[in-house]
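In the numbering used here, the protein residues as written are 2 to 212. Contents: one structure, followed by commentary.
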């Protein structure tokens, strides 16, 4: 492994005009401790191009999962089902539930309720519902306000949060150049428990926890 890593590290260091181990200062991993934080991280990644002004809509954002998933639905000729689900049709949302499942390591929805073994991002979440959530959040980023649809509200109910908490968290995430600390959670007790396990006295991101 050392022989494999060394030429890659030397080449990368020449390109970046720096020295040191290959991973040093280039990448940082943060533990995601609850469902709310996981969904917020997914939305944050998909909305970064919108927040940066590179794209107008989430599905037109380059190099994102959401664009690839929507493109896959378009290639299957199922874009109408996905659009209807995005517009709030419950029946279309159920019909579109399995559209992207077999093409991803992690499907949007948890498939265990349908007799499958794969665990998705969140139980009861579909690609159509996730599109509604990301679209609603992108309107907040662009316009500062957006109406909360019933499907988006149901996601918040499932997570035990609300639109105001979600909005403040996403605004904080999208306004920062990088996330601090080694863990991210919506619930303070999750961060406190993680800090206790690590033996830490100072907990980054604790003041930013909504609950």
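For every residue, glycine included, the Cβ atom is placed at its ideal position computed from N, Cα and C.
Figure out for me which residue from 139, 108, 30, 165 has the closest Cα to the Cα of residue 124. 108
Provide the residue span of the alpha helix (DSSP H) that contains residue 68, from first to last. Element bounds for residue 68: 66-76.
Taking DSSP as the reference, what is the three-state secondary structure of residue 1? In the structure as shown, the chain starts at 2 and stops at 212, and residue 1 therefore has no counterpart that could be examined.
DSSP three-state assignment for residue 198, whether helix, strand or coil: helix
Kindly confirm or deny that the stretch 155-167 and the stretch 31-40 touch, where touching means at least three C-beta pairs closer than 8 Å. yes
Whose CA, out of 43, 166, 18, 30, lies closest to the CA of residue 121? Ranking the options by Cα distance to residue 121, first place goes to 43.
In or out: residue 20 buried (at least 16 other Cβ within 10 Å) or exposed? exposed
Cβ-based neighbour list, residue 10, same chain, cut-off 6 Å, excluding 5 preceding and 5 following: Within the same chain, residue 10 has close Cβ partners 23.
Sequence-distant residues of its chain with Cβ nearer than 6 Å to residue 68 (five each side left out): 60, 62
Three or more C-beta pairs below 8 Å linking the stretch 135-145 and the stretch 48-58: Contact check between the stretch 135-145 and the stretch 48-58: three or more CB pairs, one atom from each, fall below 8 Å, which counts as touching.
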